[in-house]
Structures are given as C-alpha cells and as structure tokens.
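Student: Let me begin by handing over the structure; questions about it come next.
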Amino acid sequence: MPFRPLSRTLLILGSLYSVLPACAQTNNQLRINQIQVIGTHNSYHAGFAPSAETLWKARNPALFNGLDYRHLPLAQQFDAGVRQIELDVFADSEGGRYAHPQGSAMIAAAHLPPDPDFDPHGVMAKPGFKVMHVQDIDYRSVCQPFTACLEQVRRWSHDHPGHIPIFILVETKQEKPRGTVQLTQPEPFTSSTFDALDAEIRSVFPPDEIITPDDVRGQYDTLNQAVLAGNWPTLKSARGKVIFLMDQRPVGPVYLAGHPSLRGRVLFTNAEPGEPDAAFIERNDGPSADITALVQKGYLVRTRTDADTTEARNNDTARRDAMIASGAQILSTDYPANEPARWPGHYAVTLPGNVDARCNPVNSPTGCSAGSLK
C-alpha cells in the first residue's frame, strides 16, 4: 500500500465522516414511496395436491399451466426479503360456504385417489373471510383463514422489529362463476362486508402498527392532495408497520361509501390518478413510462414482473427488467429469490445487490444509501 502523509490520510477520513452523517440524514427523511421492494403474487398459493394436479393437467392444460406455481409459508417469504404479500379473500359471513369444494367430487368421479384434507381443523366451517384463489378448483392456502394469515405476519413482524414496512395487498373475490364447472356462488362485498373486513384487520393489528389513509392524509382535504404534496410517512416512522392495499378498482366506490377520501378506512383503494382517494395505483402490465410518471408525481405503484408462468417458462427477463427500472415501488412476482422457477434459466426476481429494499431509481433523493434499507 503506498505511503500517504498523515495530513492527507486525515483529510480523506474527514471527508468520509462528513458524508456519512449526510447519508444518514437523507435516509431518515426518506419516505415510503421513495423505496422499491419485492412482493409475491398470490402469496398464500399452495398449489395443487397430486390428484388435483393430475385432473387439471388432463382436463384443462392451459388453466393448469397458468396456476402451476406455489409459495412457501409467509414467514419464510419474509425471511428471504419479500416485503409485499397478496391475499385473496372470499366473504363467508355465516361459515361453511367453501367447506366442501367441488374439486374433491371431481377427483372421485375421475377415479383418482383422494388428496389430503385441505381443512383438517374445520376452519372453513366457521364464519370469517377465507383465503384462496379459485373456489372449488384452486383452494389450498399456506394460511387459513384471513385472520390467521395476518397473525403470521404480525408474529414475524414482532420477531423482526424495525423491519421495512410490509405491504399487504387484498383482493376481494366475488366474481360470478363462468364456464361448464359449477362453482360455488361467492358472497358479494357490500359496505357492511367491507366494515367486517376492516374489523378483522383491526382485530389482529392495533392502530400503532398500521399505516392508514388517515395517517397519510393528515391535514389535507383529500388523500390525493396529500400524496401529491409528498405527505407519505418517512421510512423511519413506518418501520415495523403494515400497510393494506386494495387490488380491484371496481369495488372502490363500495368501500368509499360513507368514507370520503377513505376517512376511517384501513385499506388504500386502487384509485384513478387525481381522484380524491388516489394514493395507491396498480399498473400490473405497465407501460413502464406510465409507471415512472406516476411515481414521479408521488403515487405508490404496484406492478407485476411476470404472470401465468409465461416469463418463467421461457426465462424471459424483458418485462422484469423494465418494471424494475420503471420505479414502481412494489414489484410483484411468483418467483422471489428463494423460490426460483424450476424451468431452464431458473427465472427469479431480485433487486440489484440482492437487497430487501433499495432507494427508488426514479424518485429517491440524492444521497440515499441502500445499505441501511434493511
């Protein structure tokens, strides 16, 4: 190592120490819409059991191929750096609506051996929101019911104090069945159903562990005004908390009824830019330029880096790379780092440097240091 005069060494060290406090100060001021994290799509999805797999491979190969992925338990996803999960919920106010899926009968009719019981503890017979993808067909989950999934999140959160906030995307399932298979009619989501959904969330997470629309709106008249003014919480104040987001845009007006600009509500709606409730926006298919423009304005954006196993089967990284560069704060995938695709190329989605979160490439301030965003 070349010799340096003591005065020059002290000068270099002084420069480093002058930069470090500036980086720390920048990160303390960093807001939660100025980071980027990896999320999982249908995070509860346990995949098909053996006989169900055989049945749907034969009956509808295209359907099967699109659903041929599965996730590890939620805690293991968080351990690997996932900071957004998606839970699909079906209303079941009386209990038992989804306790006897048609899939079991179809398996028996096909003379296939019965699959392991998907509900050994009788959870599906009790009232409350249930977590699954498609009733009667794709109904196995790594957690059940909805409150049990949330309890797993909270348990992991308490075991890892100070973590990057966890975004929980909630998709409300109520579409009427279509096609030749007679599926169970889902219960519709009304304003009172959404009241019950909020209540279930609040039964698990106390107010000081949730970031709500009221927290973001502050003294502004609308949520949209607050977001455009940059009023998202700082990352420092948001650590250890959760944020609930709504997936479907069509149910937004029902959730908003009686709650203008989401006053008193728990979830952020998937809103149209400029609407009073606009803070969170989905752009699952891009385009990346649209996402970048929304991020620059201050909105929180979720996009998908892959879908229906298509990119994974072909190891096609073009969509993934474009979405990462777009600045979308939440990058949803079926293949996080610890669950790569099994097909050649082993498609997976990670942030540069394989970190849990990074400074947003579009809107983070100069001086943001990814090293402290754990």
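Counting in the working numbering, the sequence shown runs from -12 upward without gaps. Beta carbons: idealized from backbone N, C-alpha and C, even for Gly.
(1) Considering only their Cβ atoms, is the gap separating Glu174 from Ala78 smaller than 7 Å?
(2) Whose C-alpha, out of Val336, Gly273, Leu281, is nearest the C-alpha of Glu298?
(3) Using 8 Å as the cut-off, can you tell me whether the stretch 133 to 152 makes contact with the stretch 224 to 235, which would need three or more C-beta pairs spanning the two stretches below that distance?
(4) Give the secondary structure of Pro26 by DSSP, where H, G and I count as helix, E and B as strand, and everything else as coil.
(5) The alpha helix (DSSP H) with Ser319 in it runs from where to where?
(6) Using beta-carbon positions only, say whether Gln122 and Cys130 come within less than 7 Å of one another.
(7) Is the distance from the Cβ of Ile155 to the Cβ of Arg70 below 7 Å?
(8) Around the Cβ of Asp272, are there at least 16 other Cβ atoms within 10 angstroms (buried) or fewer (exposed)?
(9) To the nearest angstrom, report how far apart Ala36 and Leu281 are at their CA atoms.
(10) Rank Ala265, Asp264, Ala266, Pro260 by C-alpha distance to the C-alpha of Asp277 and give the top, closest one.
(11) Under the DSSP definition of a beta bridge, which residues are partnered with Asp75?
(12) What are the partner residues of Thr290, as DSSP defines its beta bridges?
(13) How long is the line joining the alpha carbons of Lys44 and Met93, rounded to whole angstroms?
(14) Please go through the same chain and pick out, in chain order, the residues whose beta-carbon is closer than 6 Å to the beta-carbon of Phe105, but skip the five residues on each side of it.
(15) Using C-beta distances below 7 Å, list every residue in its chain close to Gln169, excluding the 5 sequence neighbours before and after it, in chain order.
(16) Confirm, please, whether the CB-CB distance from Pro220 to Ile19 is below 7 Å.
(17) Cutting at 6 Å between CB atoms, please list the residues of its own chain near Asp347, excluding the five before and the five after it.
(18) Return yes when the Cβ of Thr292 is within less than 7 Å of the Cβ of Arg307, no when it is not.
(19) Do Gly82 and Pro114 come within 7 Å of each other at the CB atom, strictly closer than that value?
(20) Closest to Val253 by CA distance: which of Ser30, Thr180, Asp201 is it?
(21) Are Asp264 and Leu249 close, meaning C-beta to C-beta below 7 Å?
(22) Ser319 to Thr27, Cα distance in whole Å?
(23) Applying the criterion that 16 or more other CB atoms from any shown protein chain within 10 Å of the CB defines a buried residue, is Ile(-1) buried or exposed?
Tutor: On the basis of the data shown:
(1) yes
(2) Val336
(3) yes
(4) Reading the sequence as shown, one finds Gly at residue 26 and not Pro. Correct three-state label for Gly26: strand.
(5) DSSP places Ser319 in no alpha helix (DSSP H) but in the uninterrupted beta strand (DSSP E) bounded by 317 to 320.
(6) Cys130 sits away from Gln122, with the two beta carbons spaced by 7 Å or more.
(7) no
(8) exposed
(9) 41 Å
(10) Pro260
(11) Glu158
(12) Leu318
(13) 13 Å
(14) Arg127
(15) Gln89
(16) In this structure, Pro220 lies closer than 7 Å to Ile19 by Cβ.
(17) Checking the displayed sequence, the identity of residue 347 turns out to be Asn instead of Asp. Result list for Asn347: Gln21, Ile22, Gln23, Gly314, in chain order.
(18) yes
(19) yes
(20) Asp201
(21) yes
(22) Spanning the two alpha carbons is a distance of roughly 5 Å.
(23) Residue placement at Ile(-1) is flagged as unreliable, the pLDDT there being 42, under the threshold of 50; the coordinate-derived value follows with that caveat. Ile(-1) should be labelled exposed.
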